[in-house]
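Peer 1:
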Amino acid sequence: MHIFLAALAHETNSFSPIPTTLRSFEEGILVRPGADAAAQDLAHGFPGYGFLREVAREHGDRVTQGLCAWAQPGGPVARQVYEGLRDELLAELAAARPVDAVFLVLDGAMFAQGYQGCEGALLA
Numbered sequence: 107m108h109i110f111l112a113a114l115a116h117e118t119n120s121f122s123p124i125p126t127t128l129r130s131f132e133e134g135i136l137v138r139p140g141a142d143a144a145a146q147d148l149a150h151g152f153p154g155y156g157f158l159r160e161v162a163r164e165h166g167d168r169v170t171q172g173l174c175a176w177a178q179p180g181g182p183v184a185r186q187v188y189e190g191l192r193d194e195l196l197a198e199l200a201a202a203r204p205v206d207a208v209f210l211v212l213d214g215a216m217f218a219q220g221y222q223g224c225e226g227a228l229l230a
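All residue numbers for the sequence shown refer to this note's numbering, where the first residue is 107 and numbers rise by one.
1. Within 10 angstroms of the Cβ of Ser130, are there 16 or more other Cβ atoms? Answer buried if so, exposed if not.
2. Can you give me the C-alpha to C-alpha distance between Ala141 and Ala149, rounded to a whole angstrom?
3. Quick one: using the 10 Å Cβ neighbour count with 16 as the cut-off for buried, is Leu114 buried or exposed?
4. Under 8 Å by Cβ, that's how I've got Ala215 and Glu117 pegged, so tell me the actual separation to the nearest angstrom.
5. Answer with buried or exposed for Ala177, where buried requires no fewer than 16 other C-beta atoms within 10 angstroms of its C-beta.
6. Span of the beta strand (DSSP E) holding Val208?
7. Figure out for me which residue from Ala162, Glu160, Cys174, Arg163 has the closest Cα to the Cα of Phe152.
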């Protein structure tokens, strides 16, 4: 199988007036394809992301790694940051096609300015 793997996760605190920025992801985990070994190790340590790689390797499946982005819980993600990361992830998926499966590590509690449900918007 050829599997596309990516992560875009943030737990949003709707009471916080301070938006989550790109810097928030850079201070958490923001690993892009082709990153150096130290950055790849950080992505592989992210729950779900590294696990899928291990399981796929054990089964002889090919994995195309996409974006791995996570920020500490905080206020809503700035709209342009969410849209930029989303578009980056979707472009990576388009470039990886054809794929047999898509494995996304999502939080389920992420929203951005203008998006009440980032995960649903991404999946749509």
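All residues carry an ideal CB built from backbone N, CA and C; glycine is no exception.
Peer 2: Quick look at the numbers:
1. Indexing the sequence shown from 1 puts residue 130 at position 24. Buried.
2. The residue given as residue 141 occupies position 35 in the sequence shown. The residue given as residue 149 occupies position 43 in the sequence shown. Between the alpha carbons of Ala141 and Ala149 lies a distance of about 10 Å.
3. As a first step, residue 114 must be located in the sequence shown, where it is residue number 8. Buried, by the Cβ-count rule.
4. Against the sequence shown, residue 215 aligns to sequence position 109. Against the sequence shown, residue 117 aligns to sequence position 11. Yes, Ala215 and Glu117 are in contact; Cβ-Cβ is about 5 Å, under 8 Å.
5. Locating residue 177 in the sequence shown gives position 71, where the first residue counts as 1. Under a 10 Å Cβ-count criterion, Ala177 is classified as buried, with 16 or more other Cβ atoms of the shown protein chains found around its own Cβ.
6. By 1-based counting over the sequence shown, the position of residue 208 is 102. In the DSSP assignment, Val208 falls within the beta strand (DSSP E) that extends over 207–212.
7. As a working note, residue 152 is residue 46 in the sequence shown. In terms of Cα proximity to Phe152, the closest of Ala162, Glu160, Cys174, Arg163 is Cys174.
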